[in-house]
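Be aware that the sequence shown starts at 1445, since it is given in our numbering, and climbs by one per residue.
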Amino acid sequence: MPELNNNSQAVHSKDGTPWFVKGDVNGFFGLFTNVLTNFLAAIGLLVFAINMPEDIVYGNIVPGTAVAIGLGGIILAYQAKKLSLSEERDSVTAMPYGLSVPHYFVVAFAVMLPVYLNTNDWVLAWSVGISWNLIQGLIMTIGAFVGPYIQKYVPRAAMLGALAGLALTFIAMNPIGEVYTTPYIGLLTFAIVIVGWFARKKFPGNIPAGLMAIIVGTLVAWLSGYMSVSEVQEAVSGFRIATPKFFLSNLINGFEYIAPFLPAAIPLAIYDFLESLDNLESAEVAGDVYETSRAMLVPGLLTLLGAGLGSPFPTIIYIGHPGWKEAGARIGYSLSTGVCILAVALLGL
């Protein structure tokens, strides 16, 4: 098998892209921490911001959401493998995937919290949330079949221009703000990533930059007292098997109260499928041409599945494919992220 390079040039190989290459280590620590952070933020909004009962959050919402996220990473890795085999090249990178960030604020503060304040019933509020998410999934699934026509008639510059604006606003500005909340850790690890991914400098033992940033940041956090043993003990004490379940009756009950929230649900769902489409377009520019409808059905159908399993959070194909490709990530970073998200959530960690 030809050795994989860290650039986007294809190397012909009948075996396609390997399931895991060295660059996937970098990709995993980047994508997994991103997906997990968004997942934790969504859970935190429910538990700490709107005070939703923990048995609903950890018993119902977390397992269903984990299935929607985890299966997406696995399926998109499989699609990447199929693409690499059909084109006989070993440079295919899987599409990144996870929760849609703006939506978990909307469903928490503008859907479930108002329902609870009006009814004093958290089960009903959660039921309306998963019904709202089902609407998201239905529109995104329809959008998967509309996507190819949009690609055909909308100029690429318009699609990628919108994507660039989103990247600068949400993907760049928000995280850099987080870096400065704890600068002695944040700036140090940020510098490691810059040196490793952009300057292409190698670290001792040839450790990937993503892993090195995690190791150094963790050591500094513990040595400086930023980390707390008691909080880790509390997290470990939450270990329990969480089993996903279908909540058909809750979906039906939630639909009785969904009408006031449709004016927000419909345009937000359209935004989701358009963002997934833009991200597929950026992957095409980077050299990986996925079948549009098939790829977009992943977040659409898994959002529907997640809603049936109790999740109020839609999923989406993430921005950043060209960056992961440049960093050397291929298929394994998506596959391992999906598997690990399922593991940490379903084991209560």
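Think of the CB as a built atom: it goes at the ideal place given N, C-alpha and C, for glycine as much as any other residue. Just so we're clear, the structure is a prediction, and the values are computed from it rather than from any experiment.
Contact between the stretch 1587-1594 and the stretch 1736-1748 is present: three or more C-beta pairs spanning the two stretches fall below 8 Å.
Partner residues in the beta bridge of residue 1541, as assigned by DSSP, are 1761. Comparing alpha-carbon positions, the option among 1505, 1651, 1565 and 1629 lying closest to residue 1467 turns out to be 1651. When C-alpha distances from residue 1665 are compared across 1548, 1629 and 1697, the shortest belongs to 1629. In the structure shown, residue 1465 falls within a coil segment according to DSSP collapsed to helix, strand and coil. Leaving aside the five residues that flank residue 1647 on each side, the residues in its chain whose CB is nearer than 6 Å to its CB run, in chain order, 1656.
Excluding residues up to 5 positions away in sequence, 1566 lie with their Cβ nearer than 6 Å to the Cβ of residue 1497 in the same chain. No Cβ-Cβ contact shorter than 8 Å links residue 1574 with residue 1669. Rounded to the nearest whole angstrom, the C-alpha separation of residue 1661 and residue 1631 is 10 Å. The alpha helix (DSSP H) runs of length 4 or more contained entirely in the stretch 1550-1575 are, from start to end of the chain, 1557-1563.
No residue range can be given for residue 1732, since it is assigned to no alpha helix (DSSP H) and is classified by DSSP as neither H nor E. DSSP places residue 1628 in the uninterrupted alpha helix (DSSP H) bounded by 1627-1637. Taking residue 1469 as the centre and dropping the five residues before and after it, the same chain places the C-beta of 1652, 1654 and 1655 closer than 7 Å to its C-beta, in chain order. Per the C-alpha coordinates, the member of 1563, 1744 and 1788 positioned closest to residue 1520 is 1744. 8 Å or more divides the Cβ of residue 1718 from the Cβ of residue 1734. Taking the CA atoms as reference points, residue 1694 sits about 48 Å from residue 1635.
Judged by pairs of C-beta atoms under 8 Å, the stretch 1776-1791 touches the stretch 1467-1487, as three or more such pairs exist. Beyond the five residues adjoining it in sequence on each side, residue 1728 comes within less than 8 Å, by CB distance, of 1734 in the same chain, given in chain order. A distance of 8 Å or more separates the beta carbons of residue 1580 and residue 1736. For residue 1597, the secondary structure class from DSSP, reduced to helix, strand or coil, is helix.
The beta carbons of residue 1541 and residue 1761 sit closer together than 8 Å. Straight-line measurement puts the Cα of residue 1508 at about 22 Å from the Cα of residue 1700. Within the same chain, and ignoring the five residues on either side of residue 1755 in sequence, the residues whose Cβ sits closer than 7 Å to its Cβ are 1505, 1508, 1509, 1512, 1574 and 1577. In the three-state scheme derived from DSSP, where H, G and I count as helix and E and B as strand, residue 1498 is classed as helix. Relative to the Cα of residue 1775, the nearest Cα in the group 1673, 1677, 1583 and 1527 belongs to 1527.
For residue 1789, the enclosing alpha helix (DSSP H) starts and ends at 1776-1790. Taking all protein chains in view, the Cβ of residue 1524 is crowded by 16 or more other Cβ atoms within 10 Å, so the residue is classified as buried.
When the alpha-carbon of residue 1767 is set against those of 1788, 1709, 1600 and 1611, the nearest one is in 1611.
In terms of Cβ geometry, residue 1543 and residue 1687 do not form a close pair [threshold 8 Å].
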